[in-house]
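Here is the structure we will look at, set down as structure tokens.
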Amino acid sequence: MRQTRTAYLFLAPGLALFVVFRVYPLLEGLRLSFTNARLGRAAVRYVGIANYTRLLEDTRFHVSLANTAFYTVASTLPVLVIPLVLALALNRGALRTVLRSVFFFPFTLSVVTVGLTWLWLLDPVVGPFNYYLRTAGLPARSWLADPATAMWAIIATTVWWVTGYYLVIYLAGLQDIPRALYEAAALDGASGWRSFRSITLPLLRPVLLFVVVTHIIGSFQLFGQVFVLTGGGPGDATRTVVQHLYEAAFQNFFQFGAASAMAWALFAVILLFSIFQFRLLRGHTEY
Amino acid sequence: MQRGLDVRRVALTAALLVLAALWLAPIVWVLVTSLKVTADIVRVPPEWIPWPATTAHYREVLFSSSRTARIGRAFLNSVVVGVGTTVLVLITSAMAAYPLARMRFPGRGLVFTVLVGSLMIPNAVVLVPQYVLVQQLGWLSTFQGLIVPEAATTFAFGVFLLRQFFLGMPGELEDAARIDGANAWQVFWRVVLPLSQPVLAALGIFAFRSAWNDFLWPLIAVNKPEMFPLPVALALLRSAYSSESYGPIMAGAALSAVPLLVVFLVANRRIVEGVRLSGLKG
């Protein structure tokens, strides 16, 4: 009994913070999504599922959702594979600590700093990227102003930004795999590829799952890179759901009800994706 | 055979070094640009040595002219928000994680499950109601309006991380302190926290980084230019300048990287440890 009181006294400050600024906003958002709330509107009414049905007709929302989904799908493979390949190369080699630090460094930068960096690198006229492409005899482009390449430029920027983070996670995962397994496999005459497939990959499954789920939750909230690099353009080619939500809530008419419906629709999509990923990758984690 | 392996190893290391150099090139390019005189910045082919070098762009974004004087101020704002968030996260997470790891009480499982479950909540989902709440509190464009929601975002992860660490700690020292008559608070404050310095440092860096780099929340929660934190001020700096004047923008970008670079150089191992532990939550 006394311990219960003590425990809750310890928990009180954190739980207050958590309930007021995390739980309450989450539920309040759900409530708002069924209202016609706007900034400064005094008489807020419940409008049923009108905000959700309107989303079904909002073609710009559909474009944003499609762009976000494209970004998520297209970036998942590079984000999953590039750090893994680097981790495998770094794991046994020399200079592990130094190289790990180098690849990690971009991850300490803010999304705005990363965006500004790549904006300048990819500058169509004076940026070094296009200059070196031309020097190599390859066609230069306005990467960010071309609807065919803009989203890919954003993906490349993101890969550069987050690779170091996932590299560190993979390296930790690789370190946790007992060496003896590889030695045994080598004694049995297994090739490097074979022991990668039969030992590394299965034992790394929880780590892979973490990387995919983390990346997907982040991807669906893509905003900062787009805000700095393209502003959602050219046209709506890189417009994302969070940008659409941000503009509905804070740029045009402050439609809090409609924006909350978008937020919950996004949440539902993320949950579905996460559950699907869990199912897909869970399979046989026990070894 | 052995020789062949060595050649492969050297080739691999060389390839990794080249890749690492390419990985750093964008950052070097930002630094080089920020130190060039304006006329040299747009010169093609690109020059990788900023000569003659100048600190004019740094002076401009830090000290002069109304439209850019915000970077110096924004830097201080970000320091306040970063430190404030870190302190609040460390205190609340440690206090909450301790009973979850060490005490038996009704509701313990539920509290922990809810906290861990909340890690799946995307920030974008609470954006609008959080704005309404902060506005009703009168906290828009204030430090507490940035710090408190930021801390609430990191709190659950902090609890998860610290609880994990506390569970792995041997309990004998705590028992000894208790036998000596220390109460729960004294045990926590004098025994548990000092033993937890490495994990507290890792969590502190994580919290500082999240607060220092966050963009979307301050973009909407601050509408007074003098209260902008760095990412917002930098993003607006971009639209304030025409594209020819990359100098001041790159100086601002370079400045924004400094605090975490310093932390990173001083506490590389802690950061790596923090990331490693964050990966465990999967």
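Residue numbers (this note's numbering), protein chains in the order written: chain Z, 20 to 306; chain A, 16 to 297. Glycine residues also receive a C-beta, built at the ideal position from the N, C-alpha and C atoms.
Inter-residue spacing [alpha-carbon to alpha-carbon] between A/T101 and A/I220 = 8 Å
Could you check what DSSP says for A/A68 in three-state terms: helix, strand or coil?
-> strand
Can a CB atom of chain A be found closer than 8 Å to the CB of Z/E266?
-> no
Could you give the distance in angstroms between the alpha-carbon of A/V237 and the alpha-carbon of A/Y146?
-> 10 Å
For Z/L40 versus A/P137, is the C-beta distance shorter than 8 Å?
-> Rather than Leu, the amino acid found at residue 40 of chain Z in this sequence is Phe. The answer is no: Cβ separation not under 8 Å.
Taking Cβ positions, are A/A167 and Z/L114 nearer each other than 8 Å?
-> It is not a contact, given that the beta carbons lie outside the stated cut-off.
Spell out the partners DSSP gives Z/T54 in its beta bridges.
-> Z/Y65
In its own chain, which residues sit with a C-beta less than 7 Å from the C-beta of Z/T54, not counting the 5 before and 5 after it?
-> Around Z/T54: V63, R64, Y65, V66 and G276.
Run down chain A in chain order and give the residues with a C-beta less than 8 Å from the C-beta of Z/L140.
-> P41 and W44
Closer than 8 Å, Cβ to any Cβ of chain A: which residues of the stretch 270 to 288 of chain Z, in chain order?
-> F275, A278, S279, A282, W283, L285 and F286
Between the C-alpha atoms of Z/V145 and A/V57, what's the straight-line distance to the nearest angstrom?
-> 6 Å
Beta-carbon gap between Z/L141 and Z/L163 smaller than 8 Å | yes
Do you know whose CA, among Z/V226, Z/Y151 and Z/S210, lies nearest A/P61's CA?
-> Z/Y151
CB A/A222 to CB A/G173, shorter than 8 Å?
-> yes
Return no unless some Cβ of chain Z is closer than 8 Å to the Cβ of A/Q151.
-> no
Cβ neighbours of Z/D255 in the same chain (closer than 7 Å, five flanking residues each side left out) | R79 and V82
Proximity test, Cβ basis, 8 Å: Z/V104 and chain A = no
Near-chain A residues of the stretch 164 to 177 of chain Z - C-beta to any C-beta below 8 Å = none
Report the option in A/E241, A/E75 and A/S93 whose CA atom is closest to the CA atom of A/L275.
-> Looking from the CA of A/L275, the closest CA among A/E241, A/E75 and A/S93 belongs to A/S93.
Of the residues Z/I235, Z/R198, Z/V232 and Z/I68, which one's Cα is nearest the Cα of Z/L222?
-> With distances taken between Cα atoms, Z/L222 lies closest to Z/R198.
Who are the Cβ neighbours of A/V202 in its own chain at under 7 Å, not counting the five residues just before and after it?
-> E189, A192 and R193
From what residue to what residue does the alpha helix (DSSP H) around A/T101 run?
-> R85 to R117
What span of residues does the alpha helix (DSSP H) with Z/A155 cover, start to end?
-> From DSSP, Z/A155 is part of no alpha helix (DSSP H); its letter is neither H nor E.
Check each candidate in A/P65, A/N228 and A/A282 and name the one with the smallest Cα separation from A/G97.
-> Of the residues A/P65, A/N228 and A/A282, the one whose Cα lies closest to the Cα of A/G97 is A/N228.
Cutoff 8 Å: Z/V247 Cβ touching any chain A Cβ = yes
Could you tell me which residues DSSP puts in a beta bridge with A/K51?
-> A/A68
Hey, is A/I194's beta-carbon within less than 8 Å of any beta-carbon in chain Z?
-> Judged by the 8 Å Cβ criterion, A/I194 is not in contact with chain Z.
Kindly list, in the order they appear in chain A, the residues whose Cβ is closer than 8 Å to that of Z/P221.
-> The contacting residues do not exist; Z/P221 stays about 16 Å from chain A at best.
Would you call the CB atoms of A/L27 and Z/G112 closer than 8 Å?
-> yes
Just tell me which of Z/F124, Z/Y27 and Z/W283 has its CA closest to the CA of A/V273.
-> With distances taken between Cα atoms, A/V273 lies closest to Z/F124.
Where does Z/I196 sit, in a helix, a strand or coil, going by DSSP?
-> DSSP places Z/I196 in coil when its eight states are reduced to three.
For A/L142, I'd like the list of residues in its chain whose CB is within less than 8 Å of its CB, leaving aside the five on either flank, ordered along the chain.
-> The answer, listed in chain order, is L231, W232 and I235.
Chain Z contact for A/M16 (CB, 8 Å cutoff) | Note that A/M16 scores 44 on pLDDT, short of 50, meaning its location in the model is unreliable; the coordinates nonetheless yield the value given after this. For A/M16, the answer is no, since every Cβ of chain Z falls outside 8 Å of its Cβ.
Cβ pair A/F170, A/A112 closer than 8 Å = no
According to DSSP, is Z/M20 helix, strand or coil?
-> coil
Under a CB-based cut-off of 8 Å, is A/W299 close to chain Z?
-> Within the shown structure, residues of chain A are numbered from 16 to 297, placing residue 299 of chain A beyond reach of any answer.
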